[in-house]
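Structure first, commentary second.
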Amino acid sequence: MRMGENGARRRSSRRGGMGQEVEEEGPALRAKVRELAALVRESKYAVAYTGAGISTAAGIPDFRGPAGVWTLQAKGKTVAEPDFTKLSPTLTHDLLRILLERGHLHHIVTQNIDSLHLRSGVPLENQSELHGNYSLETCPLCDTRYFRSHAVWKGLTTPTTNPTTARRDSSQVSSEGDAKSQRSSRRKVRSIDHKTGRFCVADGCSGELENSVVLFGESLPEKEVNSAWEHTDKADFALVLGSSLKVGPACDMPVQVAKTGGKLVIVNLQHTPFDGRASLVIHARCDEVMRLLAEELDLEVRPSSLEGEKSIHSSLREPRKHGKTVYEDMSCDYDDQKLQEFERSFMVQMSGSAPPS
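In full-length UniProt numbering, the protein residues as written are 1 to 357.
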């Protein structure tokens with residue numbers, strides 16, 4: 001398994017306070033999007049790296065924005081858990097799918113667990129989900145994957161304040177991403193029980209299924225990380241959308257493209273530690289940038305509902321090299337008690353105290 005710039009086999013967060021948001025608009029924004037469009041046209045192998053900022057328009061909070069999870073928690077406020085199953089892909093999700101279809105984009109690496117890339121119609125083979133998927137269960141024995149129509153885990157807004165969690169504060173990160181020298185500052189935390197209470201139904205297997213969500217400090221899915229690095233190594237253009245670039249190893253990948261001579265464009269409302277590495281930085285909402293980009297490239301953004309259904313019912317049922325993927329409606333077999341046990345143990349570990357019963 002390839003190591004990232006932070007030696008990352010594990011998910012680590014350079015969590016800091018809320019960054020100040022900057023929003024460009026008008027002629028200045030359009031001029032930057034025109035530059036972005038030129039880079040898209042010139043690229044031979046483009047990879048998009050997406051973060052929480054592309055899904056805020058769908059109703060999912062980010063982490064560091066004014067209404068972000070960590071921002072509100074720092075003020076002692078709670079954050080309502082979104083119902084992922086009722087959310088629709090954003091314009092950004094839709095245009096990324098179209099860019100893939102037109103050959104302008106070759107792969108998507110995402111930190112999001114919301115499954116909106118899949119629901120927008122992006123095939124599984126065109127995306128790497130580094131932090132898992134809220135609706136995905138996996139069998140550790142035979143690698144069969146089960147996509148459910150419901151959430152198999154709902155822990156998005158749980159506090160992550162335990163000092164033993166693997167992370168680095170943003171104040172420790174330079175614009176060069178001095179990760180190697182700080183590798184020893186991360187500590188491994190005990191793995192939480194991810195078992196969902198269901199069992200694999202593949203022939204000859206009865207393994208205990210596990211949810212796929214990756215918590216801070218836990219190991220990342222090796223196949224997803226390897227796939228992400230394979231596409232990163234091929235890329236001559238990295239497009240970062242809605243990411244603060246403070247979580248490894250996801251932040252290391254687009255920067256690597258720039259280090260090897262490729263172009264790096266960052267679209268985010270806040271500054272990132274790697275703005276100095278970028279060929280172009282756009283401070284604007286992702287949907288607005290993508291709307292203008294569609295105009296520049298003369299692309300029509302089609303609704304994603306039918307595309308998403310087509311993707312789910314075709315690519316999800318196809319055998320994969322290291323196992324197979326199954327899409328089933330298992331809501332009637334939902335083990336709510338097991339889910340609650342998992343969430344409770346997670347909150348004890350990450351916040352240091354037990355939540356109220």
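Glycine included, every Cβ here is placed at the ideal spot set by N, Cα and C.
If you look at Ile282, you'll find it in the beta strand (DSSP E) that goes 280-282. Checking the DSSP bridge columns, you'll see Asn226 has no partner listed. DSSP lists Ala46, Lys263 as the bridge partner or partners of Phe237. For Thr92, the enclosing alpha helix (DSSP H) begins and ends at 91-101. Distance between Glu210 and Cys200, taken at the CA atoms: about 10 Å.
DSSP places Val214 in the coil class of the three-state scheme, outside both helix and strand. The C-beta of Val22 has fewer than 16 other C-beta atoms within 10 Å across all chains shown, which makes the residue exposed. Taking a C-beta distance under 9 Å as the contact criterion, Ser128 and Ser227 qualify as a contact pair. According to the DSSP assignment, Arg145 belongs to no alpha helix (DSSP H) but to the beta strand (DSSP E) extending over 145-148.
By the C-beta criterion, the region 99-106 is judged to be in contact with the region 40-56, since at least 3 inter-stretch pairs fall below 8 Å. For Gly204, the closest C-alpha among the options Ser243, Pro221, Phe216, Leu141 is that of Leu141.
Measuring C-alpha to C-alpha distances from Leu136 to each of Leu130, Asn126, Thr144, Arg148 identifies Arg148 as the nearest. As a beta-bridge residue in DSSP terms, Ile108 pairs with Ala48, Gln127. C-alpha of Ser279 to C-alpha of Trp229: approximately 21 Å in a straight line.
Pairing Leu264 with Leu130 gives a Cβ-Cβ distance that is not under 9 Å. Proximity to Leu245 across Val257, Asp287, Thr272 peaks at Thr272, based on C-alpha coordinates. By the Cβ neighbour-count rule, Ala28 is exposed, with fewer than 16 other Cβ atoms within 10 Å of its own. Counting the other CB atoms within 10 Å of its CB gives Glu222 a total below 16, which places it among the exposed residues. Measuring C-alpha to C-alpha distances from Lys234 to each of Ser212, Ala151, Thr260 identifies Thr260 as the nearest. Leu136 is bridged by DSSP to Phe147. The criterion of a C-beta distance shorter than 9 Å is not satisfied by Val247 and Val33.
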